[in-house]
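Number of protein chains: 4
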Amino acid sequence: MIIIMRIDVTPDEIANVTKRIEHYGARVHPIQGSERVVLGIVGDVRKVNQDEFMLMPCVDRILPVTRPYKRASREFSAQNTVVPMDGIKFGTDEIVIIAGPCSVESRVQMLEIAHAVQEAGATVLRGGAFKPRTSPYAFQGMGEQGLEILAEAREATGLGIVTEVISPEQVDLISKYTDMFQIGARNMQNYPLLHKVGEYQMPVLLKRGLSASIDEFLLAAEYILSHDNSRVVLCERGIRTFETATRNTTDINAVPVLKERTHLPVILDPSHSTGHWQYVNAIARAAIAAGADGLMVEVHNKPEEALSDGGQSLKPERFAEMVAQVRAIADAVGRTISTKTIHN
Amino acid sequence: MIIIMRIDVTPDEIANVTKRIEHYGARVHPIQGSERVVLGIVGDVRKVNQDEFMLMPCVDRILPVTRPYKRASREFSAQNTVVPMDGIKFGTDEIVIIAGPCSVESRVQMLEIAHAVQEAGATVLRGGAFKPRTSPYAFQGMGEQGLEILAEAREATGLGIVTEVISPEQVDLISKYTDMFQIGARNMQNYPLLHKVGEYQMPVLLKRGLSASIDEFLLAAEYILSHDNSRVVLCERGIRTFETATRNTTDINAVPVLKERTHLPVILDPSHSTGHWQYVNAIARAAIAAGADGLMVEVHNKPEEALSDGGQSLKPERFAEMVAQVRAIADAVGRTISTKTIHN
Amino acid sequence: MIIIMRIDVTPDEIANVTKRIEHYGARVHPIQGSERVVLGIVGDVRKVNQDEFMLMPCVDRILPVTRPYKRASREFSAQNTVVPMDGIKFGTDEIVIIAGPCSVESRVQMLEIAHAVQEAGATVLRGGAFKPRTSPYAFQGMGEQGLEILAEAREATGLGIVTEVISPEQVDLISKYTDMFQIGARNMQNYPLLHKVGEYQMPVLLKRGLSASIDEFLLAAEYILSHDNSRVVLCERGIRTFETATRNTTDINAVPVLKERTHLPVILDPSHSTGHWQYVNAIARAAIAAGADGLMVEVHNKPEEALSDGGQSLKPERFAEMVAQVRAIADAVGRTISTKTIHN
Amino acid sequence: MIIIMRIDVTPDEIANVTKRIEHYGARVHPIQGSERVVLGIVGDVRKVNQDEFMLMPCVDRILPVTRPYKRASREFSAQNTVVPMDGIKFGTDEIVIIAGPCSVESRVQMLEIAHAVQEAGATVLRGGAFKPRTSPYAFQGMGEQGLEILAEAREATGLGIVTEVISPEQVDLISKYTDMFQIGARNMQNYPLLHKVGEYQMPVLLKRGLSASIDEFLLAAEYILSHDNSRVVLCERGIRTFETATRNTTDINAVPVLKERTHLPVILDPSHSTGHWQYVNAIARAAIAAGADGLMVEVHNKPEEALSDGGQSLKPERFAEMVAQVRAIADAVGRTISTKTIHN
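Right, here's the structure in full:
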């Protein structure tokens, strides 16, 4: 921690800051610059209450030195973490493709889509049974019946299952059906929910909040990791900016930045990060070219009849094209598309 | 709903769109412009699945006509809604001032602050017992013990109490202690929580999400209203922008925009919307000048020892100055500061 | 300047950084923390090329200590700068109100508006003769003829004149007609233009760029100040954010932040910062409540026929109401509305 | 143009709007919806002054149908425009790589870098002689001497030259030395400059403003096109968002969106769009994977001694790696890297 003092600071004020810092068990290294005095604070800085110093009139600014997350940081583990999900592995040279509809709508729909995405190259099936919707008048999901349909689709295909949890009290129920919890963007800072999924030894797909900084995203992961569930896969899904041509702005920079700052696997969701099916293939290719470990894509057999997110869903044929294009890009960066399923 | 067709649309494509619209029970009014055909869709448009049309290659764009919220809209009620909380009323000419610490930290702290803010002019006391914190290593609140302290402070002072709920399963417990639920910015789209508080006849202070548009904010209110709890007070608390000089950017425009679009009371939280105590008084004055119905301000007797948000908390003396300044502004816009308490 | 080293830094790497810093004539104060080494750099840090160190693999981050502007900073002058413009003064207890149309459209229009805004309480008249327009097909201004009309309006009313300069080669011509140059938001970082107006002893109204940080805004002012023209008035006019309910987001926080960081006068333009005439009065009141030294407001006698920005222009009667409301707020914060004109 | 009326509109008000629309020579098609009346306006809508209607109390909102640019639009030309620059062509299957330092610093530096980037695979050389710098105290460029050095580097290598113009009065001078004008992000809305370069039959590299929407970007291109200079190459270079981990946020979505909306070539600058050399290669690969027609990359032989932007510059060896990686991606999407130079 660095404390930058105001230009007109007095020796008494510096002495007072020093005394308070020492009160917390840390030590002060003063540096006299040409214009200002700067205090370097060393020792166990996490115990120091920054606010106390921010409030002192003699203090101009405080600069943190240590990043606020530990277990999620690259410095905690130089080696990439591999998140296993039965036969499937996130975070290796094999790119994992997750596909499926926004919502589970019916048994027939789900089985048809499951077979279609499997044939095209996906190894994990997505589908929401409990849906967070912006409007209270929109379809809110099929609930437990949707979970049963997902489980049936898994039986029929061998695809792994990921489905969203939106409330702590559902976690136990959902854990009986799914292979991976999904925490949606709106819940990235729903701390009771993060605590809860941290208590299971089940993989968690954590989506970035739509206005979360990369460091806040890693702090959300830290919540889960701090409960000793280290099976976290990060998912960039677009951030909110001033641009309205697309639903969100894909933060493609986040891929190499996350790869530098954390050891956790990083995937990208081009359906939400663009919001228009026309742009999904281009951004899926870009994600893999930039170094992402996987993709999560909305696919629907009849997007024009989807109960949610139809406008950003690919039809199975176009999804198959996407997989072919992504395979070529994966090859260009020395990687392959994972073909394992959970029954392998 | 307006559907703008692509320039090269064919009569067959228009016929097909028309057939599909009629399938939903709505009707099409085609308009032939100099460059394009535009279709006006009338009838019960809420039943039409927009996505189906977004996916058609002959469609360029779709423009909504109806706003997505009903009960929250100004058109639902030309008259301002008054939210009563025992003797206190939000949404009248009397400005309500809520003040108190970020977190309940101890009985002594809370009682001391309660008396101080009451003396300075507040009529509602804030204080968090369950805290959503960005870091899992930060203080997470005192829990039920904190609620008991809040209730004691109410007894001692007659101040109304508002405290945050962060999970649906707490709502019942918290309802036994508080006079008003607070939904924090991070939970503005926590739908299970919104549903839950909608089931109580207790006022809800709903804070705007840090990247929520004004219409999304009103849709969140709609969730609560749709459960027949109409006691919603909206709170602007700053949005996330590129500017880093302040913690958030106070969206002061939101005050007159909300006043135009909704009948619900609107207050502003200058502590979070700036993040620095130095700027709180200026923005508190601005809020009232712009037409806000109240303020929510962080006050701490010893901000330098606060367990959270100390840097944006006012000391009681400075808060008293703020109230005096705000009173002068209220007077200038023909309003007064509410002096009622719940035991009045 | 503070250099934060990577965790795995070696003594040789620290020695190398030290040697390079000393090469620039500065000195290194190393601080050994519990996790990392941090280097405090002192001496004439402006000569050190930061990039050299950012590129070193052993360096994690570099934190600046000194703000990048000097003459614009509060530390350069504890006293507020007063910018005189003949009889009118920006930066005193008297609030200056600038009003007028977006563009000069005709002699009759301009004289009518000039008299109307004067009567309502403005002391400076705005009007663009050279217009920067987003579309090449929009009205681009009357040019020199517009300047002549402005000069005539000044003669007729005694109002001071402010008009926009958009290109360095116009500055000399415009200086013959105007009392104050306006640099628009799109040109805040047009450095040849900033250099040019810096060479005149004429007041400059500098508008904040729509995505400029407060520190970049002050650096733009520094360009003008560095040429010894210290007559700079800063104008907050809204920033670009994700919110689309208003044309821009008024950064009301910028008022107290600028008042803290600089000695220059600060005014606010509620017409551009909202983009809708309905919200202008509320935001004008808020600006003065927050501490602004003046306002710049678009007023048009027939906004429905304006060649530009009609939708955010006030009619004279509504502007007169605004001045009355602002006067009440000014009174509440211990200030008055300036009534001087340039012929006083 | 669509005018959405307020719910409480009267027949007289509709009649009045109709009369005013007809006054402009356009026609009204009223549509009676279940809640509201919507007016479709057809005919020559560009002559209608929208503001007039925005100001009417009976009008709720106005929605544009026609995009504001014509010549830049995809509908103006279904075929991609190819921008020739002597032997080099932008907008074909061949990807053009522009590389070089931020600023021309010396003859030796420039020649060394020119040879290095040519050897690695670039065909166009960048280098600024007139620099727009955020701080007035930073290096402002070598001026005409820098242009002479660029011309010499072209002679020596056959590389095409692109250099920035920052003021209309320089355009003529710079046209004598360069093969392509660069308009920087800060000048994207410097209209006198856009007008000026529109008068030359020389290619223009137009960079997106850091908070310009895609439609505003295309409107800026329209300024140049409207002067009959159709040789415009668009360059995405990152936008400003709340994320601070990178200098800007690469808007990778802009690549497919621009490809859909315009026929002009689109390139991407990963140096500015990330601001850190570590991320440049990943984003360069992503750009080509997403469909960009070229890249503009900062390369410096001694970035640690660069007078500007050193921290985001690649060393020649790393740039050579980047070209090899980009070549593999180009191959995966069925394209090649252009090898032509202007002397071919």
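Protein chains in written order, with the numbering used here: chain D, 15 to 358; chain X, 15 to 358; chain W, 15 to 358; chain S, 15 to 358.
Here a beta-carbon is modelled for each residue, glycine too, at the ideal position from N, C-alpha and C.
Along the stretch 29-54 of chain W, the positions whose C-beta sits under 8 Å from a C-beta of chain D are His43, Ile45, Gln46, Gly47, Ser48, Glu49, Arg50, Val52 and Gly54, read in chain order.
The DSSP-derived three-state label of W/Val313 is strand. Close to D/Tyr237, with beta-carbon spacing below 7 Å, are these residues of chain X in chain order: Pro150. Annotation: the continuous beta strand (DSSP E) that includes W/Arg140 extends over Val138 to Arg140. For X/Leu321, the secondary structure class from DSSP, reduced to helix, strand or coil, is coil. Under the three-state reduction of DSSP, X/Lys190 is assigned to coil, being neither helix nor strand. Within 7 Å of the CB of D/Leu232, no CB atom of chain W is found; the nearest one sits about 16 Å away.
Distance from D/Leu69 to X/Gly324 at the Cβ level is roughly 6 Å; contact confirmed, criterion being Cβ atoms closer than 8 Å. For W/Asn63, the residues of chain S that pass the 9 Å Cβ criterion are Glu318, Glu319, Ala320, Leu321 and Gly324, in the order they occur in the chain. Considering only W/Met216, W/Glu89 and W/Ile127, the residue with the shortest C-alpha distance to W/Thr276 is W/Glu89. Nearest in C-alpha terms to S/Met310, of all of S/Leu139, S/Val118, S/Gln339 and S/Glu213, is S/Leu139.
For the stretch 259-285 of chain X, the residues whose beta carbon sits under 7 Å from a beta carbon of chain W are, in order, Ala259, Thr260, Thr263, Thr264, Asp265, Ile266, Asn267, Val269, Pro270, Val271 and Glu274. Following the DSSP letters along the chain, one finds W/Lys210 inside the alpha helix (DSSP H) bounded by residues Tyr205 to Gly212.
Judged by beta-carbon spacing, W/Val179 lies within the 8 Å limit of W/Ile197, meaning their Cβ atoms are closer than that value. Separation of W/Glu133 and S/Ser240 (C-alpha to C-alpha, rounded to the nearest whole angstrom) is 43 Å.
Rounded to the nearest angstrom, the Cβ distance from D/Gly172 to D/Ile356 is 6 Å, consistent with a contact under 8 Å.
The residue among X/Val246, X/Val62 and X/Asn63 with its C-alpha nearest the C-alpha of X/Leu208 is X/Val246. Counting other Cβ atoms within 10 Å of its Cβ, X/Asp186 stays below 16 and is therefore classed as exposed.
When C-alpha distances from W/Gln159 are compared across W/Thr148, W/Glu126 and W/Arg121, the shortest belongs to W/Arg121. Proximity to X/Ala235 across X/Arg254, X/Val280 and X/Ala259 peaks at X/Val280, based on C-alpha coordinates. Close CB contacts of D/Val347 within its chain, under the 8 Å cut and outside five residues either way in sequence, are with Ile302, Ala303 and Gly305 (chain order). From the listed residues W/Asn63, W/Arg41, W/Cys72 and W/Gly47, the smallest Cα separation to W/Gly57 is found for W/Arg41.
The beta carbon of S/Pro82 falls within 8 Å of a beta carbon belonging to chain W, placing the residue at that interface. S/Val118 and X/Ala298 have their C-alpha atoms roughly 51 Å apart. In this structure, S/Val313 sits near S/Leu328, with a CB-CB distance shorter than 8 Å. Secondary structure within the stretch 71-127 of chain D: the beta strand (DSSP E) runs of 3 or more consecutive residues, fully enclosed, are 73-77, 97-99, 102-104 and 108-114 (chain order). Within chain S, the C-beta atoms nearer than 8 Å to that of D/Gln292 come from Pro270 and Glu274, in chain order. Comparing alpha carbon positions, the residue from W/Arg332, W/Asn201, W/Met99 and W/Asp26 closest to W/Cys72 is W/Asp26. Out of W/Lys84, W/Lys33 and W/Trp291, the CA that lies nearest to the CA of W/Arg261 is found in W/Trp291. At a cut-off of 8 Å, the C-beta of S/Phe256 has a neighbouring C-beta in chain D. Not flagged as an interface residue toward chain X: D/Pro98, since no C-beta distance is shorter than 8 Å.
Rounded to the nearest whole angstrom, the C-alpha separation of X/Ser91 and X/Thr353 is 27 Å. Between the C-alpha atoms of X/Ala226 and X/Ile253 there is a straight-line separation of about 8 Å. The beta carbon of W/Arg200 lies closer than 6 Å to those of Pro146 in the same chain, with the five residues before and after it left out. Counting along the chain, D/Gln46 sits inside the beta strand (DSSP E) bounded by residues Arg41 to Gln46.
When the five nearest sequence neighbours on each side are left out, the beta carbons in the same chain lying within less than 8 Å of the beta carbon of D/Met216 are those of Ser189, Thr192, Asp193, Met194, Phe195, Asn243 and Arg245, in order along the chain.
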